[in-house]
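Residue numbers for the sequence shown, in numbering that gives the first Met the number 0: 0 to 556. Cβ coordinates follow ideal geometry from the N, Cα and C atoms, glycine included. Note that the structure is predicted; figures quoted are calculated from it, not measured. All remarks here apply to the structure that follows.
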Amino acid sequence: MHIIRVEKILSILVFIALWAALAAYAGGPIFSDELLYINTGLNNSQVPDYGNRYFHVYMQKLFMELAPNPLMGVKVYWAFLIAATALLVYWNARLFSKNTHIVHGLLGVAFFFSYRMISEYSGVPAADIAAMFMVTVLVSVYLFHQRATKGRKWALFLLGLISFLAFKTKETALIANVILLGLVFDTEGKFNLGQLKPVFKPFLLGILAGIGVFIILDAVILRNPFFAISPATIQAVFQNYAYTGGFRSEPTSWYSVYLLKSLMMPFLLYLLSGTRLSGGDIPPQKRVIWLFPLVLVAFITLNMLKIPWGFIERFYFPALPVISMLAPQFLNFELPEKCKDWLFFGLIVTTIFILFFVLRTVFMMYVDSIDWNYGKFLESIYYPILLSILLGVVIWKRRYTFVSAALPIFCIISLLVSPLLHNYKYVFKMSFTGEIFEKLYYPFLIFKQHIPKSERNQMYISMDIYTDLKMLSDDPYELIAMYNLLFDARAQRGNVTVGYQHADILEGITSYLYDFVIITEKDWEYIQAQPNLLQSAQDNYEFISDPQELLIFMKQK
Numbered sequence: 000m001h002i003i004r005v006e007k008i009l010s011i012l013v014f015i016a017l018w019a020a021l022a023a024y025a026g027g028p029i030f031s032d033e034l035l036y037i038n039t040g041l042n043n044s045q046v047p048d049y050g051n052r053y054f055h056v057y058m059q060k061l062f063m064e065l066a067p068n069p070l071m072g073v074k075v076y077w078a079f080l081i082a083a084t085a086l087l088v089y090w091n092a093r094l095f096s097k098n099t100h101i102v103h104g105l106l107g108v109a110f111f112f113s114y115r116m117i118s119e120y121s122g123v124p125a126a127d128i129a130a131m132f133m134v135t136v137l138v139s140v141y142l143f144h145q146r147a148t149k150g151r152k153w154a155l156f157l158l159g160l161i162s163f164l165a166f167k168t169k170e171t172a173l174i175a176n177v178i179l180l181g182l183v184f185d186t187e188g189k190f191n192l193g194q195l196k197p198v199f200k201p202f203l204l205g206i207l208a209g210i211g212v213f214i215i216l217d218a219v220i221l222r223n224p225f226f227a228i229s230p231a232t233i234q235a236v237f238q239n240y241a242y243t244g245g246f247r248s249e250p251t252s253w254y255s256v257y258l259l260k261s262l263m264m265p266f267l268l269y270l271l272s273g274t275r276l277s278g279g280d281i282p283p284q285k286r287v288i289w290l291f292p293l294v295l296v297a298f299i300t301l302n303m304l305k306i307p308w309g310f311i312e313r314f315y316f317p318a319l320p321v322i323s324m325l326a327p328q329f330l331n332f333e334l335p336e337k338c339k340d341w342l343f344f345g346l347i348v349t350t351i352f353i354l355f356f357v358l359r360t361v362f363m364m365y366v367d368s369i370d371w372n373y374g375k376f377l378e379s380i381y382y383p384i385l386l387s388i389l390l391g392v393v394i395w396k397r398r399y400t401f402v403s404a405a406l407p408i409f410c411i412i413s414l415l416v417s418p419l420l421h422n423y424k425y426v427f428k429m430s431f432t433g434e435i436f437e438k439l440y441y442p443f444l445i446f447k448q449h450i451p452k453s454e455r456n457q458m459y460i461s462m463d464i465y466t467d468l469k470m471l472s473d474d475p476y477e478l479i480a481m482y483n484l485l486f487d488a489r490a491q492r493g494n495v496t497v498g499y500q501h502a503d504i505l506e507g508i509t510s511y512l513y514d515f516v517i518i519t520e521k522d523w524e525y526i527q528a529q530p531n532l533l534q535s536a537q538d539n540y541e542f543i544s545d546p547q548e549l550l551i552f553m554k555q556k
């Protein structure tokens, strides 16, 4: 179980390299919520409706302030959350019990990077990803408390502190506190309320310290030290979730659309690991961690009755690292001790990889011979067979040797290769979110050298850019957030005017002289058909067309 010094150093170096690589290839923020939090941080705004997200806002703000520009800061922040979570998953899986070792750590990380969330949210600093990181930190400190012989009171203090900060990151992180039920069990694994007496004081002090941290942050950044804990903020948070009646998207089962679909293998292994390990292997203080992903499912399922959006995948992100670290725990085997056994183990690992590539070649040739699709063959034939073998082995065997463990490891690796390659492709080769980001921000990006960079700018944006081209946004607040993000500005809502009709655009840009105007070619055609006002526009603005001839940029002469 013990991590040697070399392993610690190597894991930290891999974390740093991974952090840098993810930041370099990250896409960018493409959703409205993320733009709101980014703009809130840049402008030091007080938004009571989202008062329970401000630790995420402050963490993100730190990276935006330290980076050369906010966009780079956002990418580095997202990369840090992912890389740091992966590092903690490795350590937690690696140190979970006396029987765990490097194989458990590596499999835990592989599970984590197999989730579509990695590529579909590349460079997108969602509050749910920040909550995921905070929950992983909470679980890590809890496990340290269970292992430690010294510093246990400090660990309890940190648990209280992190618990509060996680809650102020997003409310779903609050559910992770279910793991603290493990503090009620004594060293013999018996339920004992007396265990709470020495726990209560340091844990409460940690919560109070978290409140103190927020008072300081709110005072320094917002000039309102009690913003986070004020009754007005608390009331606004609850009001934001007030049920308005009806569903925009009907509730659906999380098990059928996500857990047993997108997360099938890791979720099933997580469940089986929890049932296969006996109390002697894993005490109740640690078995309680298995409850969190299930309790979170119940919470967000009930939440669908209060929020009319139905199934939203990112709400479950905080549980993903926990599933990753618990899924390989069924592999109860010891690594070799003798040199010749290590050589044999190395031969087994090499054979696993050779077998994988041999089977891949054979299957591709076979699929080609029957004129079928290789991807469909994997999904409908090969993977179900592998999963059946894997589940059968897990159910049949409780303990393994390093030889018998080769079969489930081979099945897991074979099942993980495709999702891992998918994420690699759509993060590092052709960024999924990067392409969306480039299109969404295209009007600002293509005219970047011509756009003046000042929060005093008055800009005019045609709504046709969004309705016809699906670029920028139909929300003026999001337009301002996009501008501030790209140009490191602190503009407010009053800095942007949106033109909704052709006639309004022409009258608007001639009655008031804007610092810059962006309209569509269709808008420009209408303006050219109005010779009286066209001359006024030509007298006051320079006109620049984009290379794709979709947009017209106008700036003061």
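What is the DSSP secondary structure of His156, counted as helix, strand or coil?
-> The displayed chain sequence assigns Phe, not His, to residue 156. Helix.
If Leu517 and Leu550 are in contact, beta carbons under 8 Å, what's the gap, nearest whole angstrom?
-> First, the amino acid is wrong: residue 517 is Ile here, not Leu. Confirmed, about 6 Å.
Within 8 Å, strictly: CB atoms of Arg115 and Ser323 | no
Taking only the alpha-carbon atoms, compute the straight-line gap between Ser139 and Ile450 and give it to the nearest angstrom.
-> 46 Å
Would you give the residue range spanned by the alpha helix (DSSP H) that Ile504 belongs to?
-> 501 to 510
Rounded distance between the beta-carbons of Phe436 and Gly26, thought under 8 Å = 5 Å
Simplified DSSP assignment, three categories, for Gln555 = strand
Reduced DSSP category for Thr148 - H, G, I as helix; E, B as strand; rest coil | coil
Is it true that the CB of Phe329 sits closer than 8 Å to the CB of Val287?
-> no
For Ser461, the residue or residues it bridges with in DSSP | Gly498
Apart from the five residues just before and just after Asp538, which ones in its own chain have a Cβ nearer than 7 Å to its Cβ?
-> none
Drop a sphere of 10 angstroms on the beta-carbon of Val321, count the other beta-carbons inside from all chains shown, and report buried for 16 or more, exposed for fewer.
-> buried
Give me the Cα-Cα distance between Leu389 and Pro265, rounded to the nearest whole angstrom.
-> 12 Å
Looking at the structure shown, is Phe184 part of a helix, part of a strand, or coil, going by DSSP?
-> strand
Near Thr232, which residues of its chain fall below 7 Å by C-beta distance, leaving aside the five closest residues on each side in sequence?
-> Pro47, Gly50, Phe226
Assign Tyr441 to buried or exposed, taking buried as 16 or more other Cβ atoms, counted over all protein chains shown, within 10 Å of its Cβ.
-> buried
Of all the options Asn531, Phe542, Val56, Pro530, which has the alpha carbon lying nearest to the alpha carbon of Thr519?
-> Phe542
Integer-rounded CB distance, given that Tyr53 should sit under 8 Å from Lys196 = So it is not a contact: roughly 33 Å between Cβ atoms.
Within 10 angstroms of its Cβ, does His1 collect 16 or more other Cβ (buried), or is it exposed?
-> exposed
Among Leu377, Gly205, Asn239, Leu325, which one has its Cα closest to the Cα of Pro307?
-> Asn239
Indicate the three-state DSSP secondary structure (helix, strand or coil) for Val296 in the structure shown.
-> helix
Quick one: using the 10 Å Cβ neighbour count with 16 as the cut-off for buried, is Phe246 buried or exposed?
-> exposed
Determine which residues share a DSSP beta bridge with Ile518 and list them.
-> Ile551
Expected contact under 8 Å - CB spacing of Ile408 and Ile351 to nearest Å = 7 Å
Consider the Cβ of Asn331: report whether some Cβ of chain C lies at a distance smaller than 8 Å.
-> Reference to chain C is not applicable here, since this structure consists of a single protein chain.
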